[in-house]
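A.B. asks: Quick note on numbering: the UniProt record's numbering labels position 127 of the sequence shown as 127, and the sequence is numbered without any gaps.
Even for Gly, the Cβ is constructed at its ideal location relative to N, Cα and C.
If you're wondering where the values come from, they're calculated on a predicted model, not measured in any experiment.
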Amino acid sequence: MFGGISAGGLPANRTHFGPLLPDVHTVDRDSLQAMRDAAAYHGADRIAAIIAEPVMGAGGVFPPPEGYLQGLRELCDEIGALLIFDEVINGFGRLGSWFGALHYDVTPDLLVFAKGVTSGYMPLGGVFVGPRVREPLEADPSFILAHGTTYAGHPSCCAAGLANLEILRREELPARAIPAGRRLRAGLDGLAGRPGVLEIRGEGLAQAIGLEAPLAAPAFAEALLARGVLARAIPYANTVAFSPPLVISDEEIDEIVDAAGAALEDMAVVAH
Numbered sequence: 001m002f003g004g005i006s007a008g009g010l011p012a013n014r015t016h017f018g019p020l021l022p023d024v025h026t027v028d029r030d031s032l033q034a035m036r037d038a039a040a041y042h043g044a045d046r047i048a049a050i051i052a053e054p055v056m057g058a059g060g061v062f063p064p065p066e067g068y069l070q071g072l073r074e075l076c077d078e079i080g081a082l083l084i085f086d087e088v089i090n091g092f093g094r095l096g097s098w099f100g101a102l103h104y105d106v107t108p109d110l111l112v113f114a115k116g117v118t119s120g121y122m123p124l125g126g127v128f129v130g131p132r133v134r135e136p137l138e139a140d141p142s143f144i145l146a147h148g149t150t151y152a153g154h155p156s157c158c159a160a161g162l163a164n165l166e167i168l169r170r171e172e173l174p175a176r177a178i179p180a181g182r183r184l185r186a187g188l189d190g191l192a193g194r195p196g197v198l199e200i201r202g203e204g205l206a207q208a209i210g211l212e213a214p215l216a217a218p219a220f221a222e223a224l225l226a227r228g229v230l231a232r233a234i235p236y237a238n239t240v241a242f243s244p245p246l247v248i249s250d251e252e253i254d255e256i257v258d259a260a261g262a263a264l265e266d267m268a269v270v271a272h
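(1) Please classify G210 as buried or exposed, where buried requires at least 16 neighbouring CB atoms within 10 angstroms.
(2) Below 8 Å on the Cβ atoms is my contact criterion, and I expect A208 with G228 to pass it. Report the Cβ-Cβ distance as a whole number of Å.
(3) Compute the distance between the beta-carbons of I234 and A217, then report whether it is under 8 Å.
(4) Excluding the 5 residues preceding and the 5 following N13 in the sequence, name in chain order all residues of the same chain whose CB lies nearer than 8 Å to its CB.
(5) Can you tell which of G148, T149, P136, L246 has its C-alpha closest to the C-alpha of E171?
(6) How is L188 classed by DSSP in three states: helix, strand or coil?
(7) Would you please state the rounded distance, in angstroms, between the beta carbons of A81 and I47? I believe it to be under 8 Å.
(8) Per DSSP, F85 is paired with what?
(9) What residue ranges within the region 112-175 form continuous beta strand (DSSP E) runs of no fewer than 3 residues, ordered along the chain?
(10) Should the region 114-127 be called in touch with the region 149-165, which here means at least 3 C-beta pairs below 8 Å?
(11) Can you name, in chain order, every residue of its own chain whose Cβ lies under 6 Å from the Cβ of A39, other than the five neighbours on each side?
(12) If you measure between the beta carbons of F92 and L205, is that distance less than 8 Å?
(13) In whole angstroms, what is the alpha-carbon distance linking L145 and R176?
(14) Between which two residues does the beta strand (DSSP E) carrying F2 extend?
(15) What does the alpha-carbon distance come out to for the pair V197 and M267?
(16) Taking the runs of the alpha helix (DSSP H) that are 4 residues or longer, which of them lie wholly in the region 17-68?
(17) Just the C-alpha distance for G153 and V127, rounded to the nearest angstrom, thanks.
(18) Return the chain-ordered list of same chain residues with a C-beta closer than 8 Å to the C-beta of E135, the five sequence neighbours on each side being excluded.
(19) Are the CB atoms of V106 and R201 nearer to each other than 8 Å?
(20) Exposed or buried, which one is F220 when buried takes at least 16 other CB atoms within 10 Å?
(21) Using three-state DSSP, classify L72 as helix, strand or coil.
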């Protein structure tokens, strides 16, 4: 747990924990130059890995600028570091592809997943290990990587994962996120320019409304909940995120947009 907290940058996840792991550094979002500067400052030979989300999720739903992820791959190759993708949110269809790595055509060395592998019905997570990490481990047949967790490979969780993957394949649900995401985005784009709306952003079925003061994300999320829509408030980015299930209907997407419009209208009246 402390490894994940140390690698993340969310203040609420870090404040009451410590000591965190040393030699973990964060840089400005979406800045290749900041990443290169950090590598130069700390020493390229001391950088073990670069960790990134293809589309930043809990940090505010920020899709990567064109070429950013490719630039991270190139930098890692230059300095000999591993590229690790956190696809706990992006993975299993959220963006319209099975994984963000496929969506943006960038191959990491390690890919971490969870949530979507069971559609959240059972707790399960894992990591895909690429050849650069795997081959040295397999080179010596007598080598054993002694590693495990108490509930690793729990049969009920794995069964749920296998059943979920079969449904995702059979019903082609990752591809469903493309037209559904376009419909949701088009509806949210129609709210741009409303009082308090700073920005509409996202990718696939990960969309968000960035707000500006005096509108606040927690209050907006509460207003949506009162209208039957469950959205995530991200206070430090003053953003409300929408990540509906891949099976959402067009009618339900329209209900989300209508609820968001009504909530914005009511909150604008209160603000004035």
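C.D. replies: Concretely, from the data shown:
(1) For the purposes of this step, residue 210 is identified with residue 210 of the sequence shown, where counting begins at 1. G210 is buried by the Cβ-count criterion.
(2) For the purposes of this step, residue 208 is taken as residue 208 along the sequence shown, with counting starting at 1. For the purposes of this step, residue 228 is taken as residue 228 along the sequence shown, with counting starting at 1. Under the criterion of beta carbons closer than 8 Å, A208 and G228 do not qualify as touching, at roughly 19 Å.
(3) Against the sequence shown, residue 234 aligns to sequence position 234. Against the sequence shown, residue 217 aligns to sequence position 217. Yes; because the gap between Cβ atoms is below 8 Å, this pair is in contact.
(4) The residue given as residue 13 occupies position 13 in the sequence shown. The beta carbon of N13 sits closer than 8 Å to the beta carbons of I5 from its chain, once the five residues preceding and following it are set aside; these are given in chain order.
(5) Residue mapping note: residue 171 aligns to position 171 of the sequence shown, counting from 1. Closest option to E171, judged by alpha-carbon separation, among G148, T149, P136, L246: L246.
(6) Here residue 188 refers to the residue found at position 188 of the sequence shown. DSSP places L188 in helix when its eight states are reduced to three.
(7) The residue given as residue 81 occupies position 81 in the sequence shown. The residue given as residue 47 occupies position 47 in the sequence shown. The beta-carbon separation of A81 and I47, rounded to 4 Å, stays under the 8 Å limit for a contact.
(8) To locate residue 85, count along the sequence shown from 1; it is residue 85. Beta-bridge pairing links F85 to A52, L111.
(9) If only uninterrupted beta strand (DSSP E) runs of at least 3 residues are considered, those enclosed by the region 112-175 are 126-129.
(10) Yes, the region 114-127 is in contact with the region 149-165.
(11) Reading the sequence shown from its first residue, position 39 is the one you call residue 39. Closer than 6 Å at Cβ, skipping near neighbours: I47, I79.
(12) Taking the sequence shown and counting its residues from 1, one reaches residue 92 at position 92. Taking the sequence shown and counting its residues from 1, one reaches residue 205 at position 205. Contact annotation: F92 and L205 have beta-carbon atoms that are not nearer than 8 Å.
(13) Locating residue 145 in the sequence shown gives position 145, counting from the first residue. Locating residue 176 in the sequence shown gives position 176, counting from the first residue. Near 39 Å, if we compare the C-alpha coordinates of R176 and L145.
(14) Your numbering for residue 2 matches position 2 in the sequence shown. Not the beta strand (DSSP E): F2 falls in the alpha helix (DSSP H), residues 2-7.
(15) The sequence position of residue 197 within the sequence shown is 197, counting from 1. The sequence position of residue 267 within the sequence shown is 267, counting from 1. Note on geometry: alpha-carbon atoms of V197 and M267 lie some 11 Å from one another.
(16) Runs found: 32-42.
(17) Sequence index remark: in the sequence shown, residue 153 carries index 153 (1-based). Sequence index remark: in the sequence shown, residue 127 carries index 127 (1-based). If you take the alpha carbons of G153 and V127, they lie about 13 Å apart.
(18) On the sequence shown, position 135 is the one that residue 135 refers to. In its own chain, leaving out the 5 sequence neighbours on each side, no residue places its CB closer than 8 Å to the CB of E135.
(19) In the sequence shown, the residue the question calls residue 106 occupies position 106. In the sequence shown, the residue the question calls residue 201 occupies position 201. No, the pair does not count as a contact, with Cβ atoms beyond the cut-off.
(20) Counting from 1 along the sequence shown, the entry for residue 220 is found at position 220. Label assigned to F220: buried.
(21) In the sequence shown, counting from the first residue as 1, residue 72 sits at position 72. The answer is helix: DSSP assigns L72 an H, G or I state.
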